[in-house]
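A.B. asks: Quick one: this structure, given as C-alpha cells, is what I'll be asking you about.
Protein chains: 2
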Amino acid sequence: MASPKKTEPAAPAPTPTGSSVSMADLARELGVSMTTISRALSDHHSIGPAMKQKVLRLAKKYNYQPNRLASALRKGKSKLLGIVVPYIEGRFFPSVVHGIETAASKAGYNVIICQSNEDMAQERRNLESLLSAQVAGILVSLARTTNDFRHFDKLRNRGLPLVFFDRVVEGDAVNAVVLDDREGGYLSTRHLLQQGRRRIAHLAGPQHLNIYKNRRQGYFDALREAGLPADESLVVYNDMAQEQGAEALRQLLALPNPPDGLFAAGDYAALGALQEAQRQGLRVPEDLAITGFSNETFTLVARPTITTVDQRCEEMGQAAVRLLLEMIDNGGEGFSPRQVVLRPELVVRGSSTPGDEDDSHVAVRNPADKFVGSPVA
Amino acid sequence: MASPKKTEPAAPAPTPTGSSVSMADLARELGVSMTTISRALSDHHSIGPAMKQKVLRLAKKYNYQPNRLASALRKGKSKLLGIVVPYIEGRFFPSVVHGIETAASKAGYNVIICQSNEDMAQERRNLESLLSAQVAGILVSLARTTNDFRHFDKLRNRGLPLVFFDRVVEGDAVNAVVLDDREGGYLSTRHLLQQGRRRIAHLAGPQHLNIYKNRRQGYFDALREAGLPADESLVVYNDMAQEQGAEALRQLLALPNPPDGLFAAGDYAALGALQEAQRQGLRVPEDLAITGFSNETFTLVARPTITTVDQRCEEMGQAAVRLLLEMIDNGGEGFSPRQVVLRPELVVRGSSTPGDEDDSHVAVRNPADKFVGSPVA
DNA sequence: TGACTGCTCACAAACGATTGTGCTACGTGC
DNA sequence: GCACGTAGCACAATCGTTTGTGAGCAGTCA
C-alpha cells in the first residue's frame, strides 16, 4: 500500500470533507496538548495571548464546533433546557414556547420540547426522558389530569432547577410564573360594570384548575366592590368549549331576570355565547355585553370583535426562563422559591362597548407579517 | 476517622436521596462488571437470563436512568432530532411541530427546537448549534431570506440526515415533504368553476416562494382545463396580509369587468377580501365567491365561513419524521433523496357555496377540547 | 484425551472535553 | 547564589456508557 515515492508524508489529515474536527485534531496540528486547546478556547488565564491567537485562528479555519455532549458529560451541566407542555397547538402554548425558545437561545441554551397530552403518566415519562438527556433545568405546565406530584419531588431531590408556568402546583414552595387570573377576571368584570351593566353572568371553567378558580374569584371581587350581591344562579360551570358557551347562554336567557352582561372565562365559550345571543335576536353589546379570556386570534374576526384578556404569553415564557437561569447559575443551593405574577391586559373591543362598533377595519395579526418586506434575493 | 467499632461496613451506598445512580453503582452492588450491566440492560445475547433478571430488578429498584449524553458520546449517535422553523406561532408551524414531536417521541427521540426568525444568518447559527448538540438528524423549513444553501451542504458532508418540509430547497437532490400546493390551487379554482363562476381572480403571494408559485400554477391549470383564458389582469401579487387582501379586492372591483370568484392563496388575504367585499355591499358568496388557503382557525368564525384548503400539518410532521428516521436507520449511506408530496384537502364552506349559508352552528375546534372529560381527581 | 462449541462474564480502550496538579524556564529581590 | 513568584504548558484522571477481545468453564463429539 505504502507508496515507494516519498510523496505525501502520511498527510496531517486536515479532514477536508470528513466528519467533525475535535480538539485532538487541533492539538495535533499545532503540536500542543489538548489542555492548551481547551484552555485557549475558554480564554483561560494560563494560556499566553500568542498561543490563544493561533488556536482561535486554527479553530476558525477548520470550523471547529465543540462537542457539547462531551462537554456536558465532563462538566455535569448541559446547555439544554426541557419544556413539558400539555400540547403544542392553539394560541397559548405555542406563544409561550416561542418566548421560551427566544430567551433561552439568547442565553446560549437549546430547548427540548415534550408534550404530555394532558396525561399524568406521559408527563412522568417526559420528565424521565429529560432527566436522561441531562437537561440543566425544566419548565413545566401541568397536565390537566396531574393529581400526584411525586415525580416533581424526584427532580428536586436531584437538585434539578424546576419552574412551573401557567398551570402550576399550588403553594409557595415552588418556582412559578403565572398570570394574575384573578386580576383578569376582576378587570373584565369591572369593565362591564363601568359599561353600566348590573346583572353580570359568568361562564366558569372547571374549578379544580387554578386559572378558572381565580378568574371566578376576580369576578366576585369586582361585584362585591360595586356593592352587588354574588348570585350563584348567574354562574354556569362547564368545560368552556364553544358549544357549551352557547348552551350556557340559553340557560341564562331562560332565567326570569336574564343578564345584561357576561364574562366568559374563555374565548371559545364567549364566541359560542355571542353567536347564540345573535341567533336569539339579541344585539351585542347593546342588549348583552360579552367579554372573553385569552385573546385568541378569532376574537378579532368575530362580529362584533370580542373584548378579551391578553395573557402575555411571550412575557410568561421569558420570565420563566429568567427564573430558571437564575436557579441554574446559583448552583441550585440557597435559592428560595419564587412566584412571578404577570399582570393581564384587558383588550376592549366591540362586544362590550357600543361606541366601538365600527370594527370592520381591525387587522388580524398574522405571525408571518412581522417578516414581510424582508430582504429576499 | 475510621470507627473502632465494626459497625457499618463502609455502607454499600444505596444513594438514598443522592443524585443519579450510574451503571457503576449497579455493578458494585451486584459485584459484577459494568460490561455485564450494560449488556444486560440492552438485552445482549451474551448475558444469561438469570443475570438479566437481577440487573433489571436492581435498576428498577434504584430507578436507574441511563445517561444519554454518555451513551451518545460513545456511540456517536444521539437520540435527539433538531427542528429549525421560521417561528413557532400561528397555526401552521405549531401544528407541524406537534406532529413531529408526537412521531419522534414514539420512536424514542427527543426534539430540540430552533427558530430562525426568517433570517438566514440565524438559520445558519441554528444549524451549528444543533450540530454542536450532536443531533441524529435535522428537520428544516427554510427561512424566507435564505438564498444561499451552503450551510446545508456542510451538513451533508458530515453525513447528517436532513429533511426539509413545506419550505424546501428546490430540486430532487434533497429529502423533502411538501404539500401539493399546485393541487390545492387547482382544487380550489375548480371548485369555484363548479359553482358556475367564470371570471375568477387570484390573490397571489410572493412568487419566489415555491408554495405561492405552485398555488398560482394550480389556478391556471384549472382555468385552462375549463377552457378559460389566463388573464393576468385578474391576478394580484402581494404579501398576503389581511389589509393587502382588502386592497387587492378594491383593485379588482375597479376593473371594467370585475370578477365573480376569487381564489386567495392565503386565509388572511381571503379574510381581508371578504370584509372589503361586504363593506362595498357585495353579497358573499352570491356576488363574489371566495376561497382561501391554510384552514386557519378564524375561517370558521368569519361570516360566512371561509372555504379553504387544509395543509395536513400534522401529517406533514409525521411524514418528515418517518423519512428522517429511515435515513438515520440506514446509516446515511445508500439512501437516495426522496420527496413526499401530501394531498391537500379542500374544505368547502359558506364563502363559496350559497346553499350552505346556515353556518351559524359550526364549531370552532379548540385544541383543549380533545381532553375535556378526561379523568380528574 | 483433545478439539470444539456455547455460554457467561471481565478487561480495558475508546468517545471528546475539562481540570487539578506538576513541571520547566525565566525573572526578580536580597 | 538561593529562594521565590509567575507565566506557559503537559500529564493524566475523569464524566458514564459501549464494545472488541479474550478468559474460564461446562458440555459434546470423535
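Protein sequence lines correspond, in order, to chains A and B.
Position 300, counted from 1, in the first sequence is what my numbering calls 300; the numbers after and before it change by one each time, with no gaps.
One gets my numbering by counting positions in the second sequence from 1 and adding 377 to each.
From the three backbone atoms N, C-alpha and C, an ideal C-beta is built for every residue, glycine too.
(1) Mind the definition here: the stretch 498-515 of chain B touches the stretch 717-729 of chain B only if three or more C-beta pairs lie below 8 Å; say whether that holds.
(2) Where M497 of chain B and H585 of chain B are concerned, what is the direct C-alpha to C-alpha distance, given to the nearest angstrom?
(3) Whose C-alpha, out of A:G76, A:G48 and A:G171, is nearest the C-alpha of L160 of chain A?
(4) Have a look at L139 of chain A and L507 of chain B and give me their C-alpha separation to the nearest angstrom.
(5) I need the boundaries of the beta strand (DSSP E) containing A641 of chain B, first residue and last residue.
(6) Give a single yes or no on whether D239 of chain A has its beta carbon closer than 7 Å to a heavy atom of the ligand ADP.
(7) Do T684 of chain B and R656 of chain B have their C-beta atoms within less than 8 Å of each other?
(8) Going by CA-CA distance only, name the one from A:A277, A:A368, A:Y268 and A:A320 that's closest to N743 of chain B.
(9) Using the Cα positions of F165 of chain A and G218 of chain A, report the straight-line distance between them to the nearest angstrom.
(10) Going along chain A in order, which residues have a C-beta closer than 7 Å to the C-beta of E505 of chain B?
(11) Using beta-carbon positions only, say whether G649 of chain B and Q628 of chain B come within less than 8 Å of one another.
(12) Quick check: the Cα distance between C313 of chain A and A550 of chain B, rounded to an integer number of angstroms?
(13) Could you list the residues in the stretch 620-635 of chain B with a C-beta less than 7 Å from some C-beta on chain A, going in chain order?
(14) For L271 of chain A, which residues in chain B fall below 7 Å Cβ to Cβ?
(15) Quick one: what's A553 of chain B bridged to in DSSP?
(16) Work out the CA separation of N238 of chain A and V753 of chain B for me, nearest whole Å.
(17) Comparing the C-beta of E170 of chain A with each C-beta of chain B, is any distance below 8 Å?
(18) Since V236 of chain A sits in a beta bridge, which residues does DSSP pair it with?
(19) Measuring only between beta-carbons, confirm whether G281 of chain A sits less than 8 Å from chain B.
(20) Using a Cβ-Cβ cut-off of 8 Å, state whether A449 of chain B counts as contacting chain A.
(21) Go to Q628 of chain B, then tell me how far its alpha helix (DSSP H) extends in each direction, as first and last residue.
(22) Whose C-alpha, out of B:E663, B:I588 and B:E505, is nearest the C-alpha of S729 of chain B?
(23) Leaving out five residues on either side along the sequence, give the residues of the same chain with a beta carbon under 6 Å from the beta carbon of V163 of chain A.
(24) Does the beta carbon of T297 of chain A come closer than 8 Å to any beta carbon on chain B?
(25) Which of the three DSSP states is assigned to S380 of chain B in this structure?
(26) Is DSSP giving E345 of chain A helix, strand or coil here?
(27) With a Cβ-Cβ cutoff of 8 Å, do I105 of chain A and Q65 of chain A count as a contact?
(28) Please report how far the alpha carbon of I401 of chain A lies from the alpha carbon of L228 of chain A, in whole angstroms.
(29) Can you confirm whether I328 of chain A, when its beta carbon is compared against all beta carbons of chain B, has any partner nearer than 8 Å?
(30) Secondary structure at R521 of chain B, three-state DSSP: helix, strand or coil?
(31) In whole angstroms, what is the alpha-carbon distance linking F675 of chain B and S233 of chain A?
(32) Determine which residues share a DSSP beta bridge with V462 of chain B and list them.
(33) Is there a Cβ from chain B that is less than 8 Å from the Cβ of A13 of chain A?
(34) Interface residues of chain A around R405 of chain B at Cβ under 7 Å?
(35) Short of 7 Å Cβ to Cβ, which residues in the stretch 175-200 of chain A face chain B?
(36) The beta strand (DSSP E) that contains V686 of chain B, what's its start and end?
C.D. replies: Taking the geometry as given:
(1) no
(2) Numbered from its first residue, the second sequence carries residue 497 of chain B at position 120. Numbered from its first residue, the second sequence carries residue 585 of chain B at position 208. About 15 Å.
(3) If you number the first sequence from 1, residue 160 of chain A lands on position 160. Taking only the C-alpha atoms, the option nearest L160 of chain A is A:G76.
(4) Looking up residue 139 of chain A in the first sequence gives position 139. Looking up residue 507 of chain B in the second sequence gives position 130. Rounded to whole angstroms, L139 of chain A to L507 of chain B spans 20 Å at the Cα level.
(5) Your numbering for residue 641 of chain B matches position 264 in the second sequence. Segment G638 to A641, the beta strand (DSSP E) holding A641 of chain B.
(6) The model depicted lacks the ligand ADP and carries no ligand whatsoever.
(7) Counted from its first residue, the second sequence places residue 684 of chain B at position 307. Counted from its first residue, the second sequence places residue 656 of chain B at position 279. Cβ distance not < 8 Å, so T684 of chain B and R656 of chain B don't count as in contact.
(8) On the second sequence, residue 743 of chain B is found 366 positions in, with the first residue counted as 1. The shortest C-alpha separation from N743 of chain B is found at A:Y268.
(9) By one-based count along the first sequence, residue 165 of chain A stands at place 165. By one-based count along the first sequence, residue 218 of chain A stands at place 218. Distance between the alpha carbons of F165 of chain A and G218 of chain A: 20 Å.
(10) Within the second sequence, the letter at position 128 stands for residue 505 of chain B. Within 7 Å Cβ-Cβ: Q65.
(11) Along the second sequence, read from residue 1 onward, the residue named residue 649 of chain B stands at position 272. Along the second sequence, read from residue 1 onward, the residue named residue 628 of chain B stands at position 251. Not closer than 8 Å, so no.
(12) Your numbering for residue 313 of chain A matches position 313 in the first sequence. Your numbering for residue 550 of chain B matches position 173 in the second sequence. So the two alpha carbons sit approximately 40 Å from each other.
(13) E620
(14) Taking the first sequence and counting its residues from 1, one reaches residue 271 of chain A at position 271. What L271 of chain A touches in chain B: V678 and V741.
(15) Mapped onto the second sequence, residue 553 of chain B falls at position 176. DSSP output for A553 of chain B lists B:F541 and B:Q716 as bridge partner(s).
(16) By one-based count along the second sequence, residue 753 of chain B stands at place 376. By one-based count along the first sequence, residue 238 of chain A stands at place 238. With a pLDDT of 38 at V753 of chain B, under the threshold of 50, the modelled position of this residue cannot be trusted; read the value that follows with caution. Taking the straight line from one Cα to the other gives about 14 Å.
(17) Here residue 170 of chain A refers to the residue found at position 170 when the first sequence is read from its first residue. Judged by the 8 Å Cβ criterion, E170 of chain A is not in contact with chain B.
(18) Your numbering for residue 236 of chain A matches position 236 in the first sequence. Note: V236 of chain A sits in a beta bridge opposite A:L203.
(19) Mapped onto the first sequence, residue 281 of chain A falls at position 281. With 8 Å as the cut-off, G281 of chain A does not count as an interface residue toward chain B.
(20) Counted from its first residue, the second sequence places residue 449 of chain B at position 72. A449 of chain B counts as touching chain A.
(21) Here the question's residue 628 of chain B lines up with position 251 in the second sequence. Where Q628 of chain B is concerned, the enclosing alpha helix (DSSP H) stretches over Q619 to L630.
(22) Locating residue 729 of chain B in the second sequence gives position 352, where the first residue counts as 1. The residue with the shortest Cα to Cα distance from S729 of chain B is B:E663.
(23) As a working mapping, residue 163 of chain A is identified with position 163 in the first sequence. For V163 of chain A, where only same-chain residues beyond five positions count, the Cβ hits under 6 Å are L139, N175, A320, L323 and L324.
(24) Counting from 1 along the first sequence, the entry for residue 297 of chain A is found at position 297. Output row for T297 of chain A: interface = yes.
(25) One-based indexing of the second sequence puts residue 380 of chain B at position 3. Only weak support is given to the placement of S380 of chain B: the predicted model assigns it a pLDDT of 36, under 50, and the value that follows is read from those uncertain coordinates. In this structure, S380 of chain B counts as coil in the three-state DSSP scheme.
(26) Residue 345 of chain A sits at position 345 when you count from the first residue of the first sequence. Three-state DSSP puts E345 of chain A in a strand.
(27) For this step, residue 105 of chain A is matched to residue 105 along the first sequence. For this step, residue 65 of chain A is matched to residue 65 along the first sequence. Sequence check: residue 105 of chain A is Ser here, not Ile. Cβ distance not < 8 Å, so S105 of chain A and Q65 of chain A don't count as in contact.
(28) No answer is possible for residue 401 of chain A: it lies beyond the span of chain A, which begins at 1 and ends at 377.
(29) If you number the first sequence from 1, residue 328 of chain A lands on position 328. It does not; no Cβ of chain B falls within 8 Å.
(30) For the purposes of this step, residue 521 of chain B is taken as the residue at position 144 of the second sequence. DSSP places R521 of chain B in coil when its eight states are reduced to three.
(31) The residue you call residue 675 of chain B lines up with position 298 of the second sequence. The residue you call residue 233 of chain A lines up with position 233 of the first sequence. Going from the Cα of F675 of chain B to the Cα of S233 of chain A covers about 32 Å.
(32) By one-based count along the second sequence, residue 462 of chain B stands at place 85. B:Q492.
(33) On the first sequence, residue 13 of chain A is found 13 positions in, with the first residue counted as 1. Low per-residue confidence applies at A13 of chain A: pLDDT is 39, beneath 50, and the placement is therefore not dependable enough to give any value.
(34) Counted from its first residue, the second sequence places residue 405 of chain B at position 28. What R405 of chain B touches in chain A: nothing, since even the nearest Cβ is about 20 Å away.
(35) none
(36) By 1-based counting over the second sequence, the position of residue 686 of chain B is 309. First-last of the beta strand (DSSP E) with V686 of chain B: T685 to D687.
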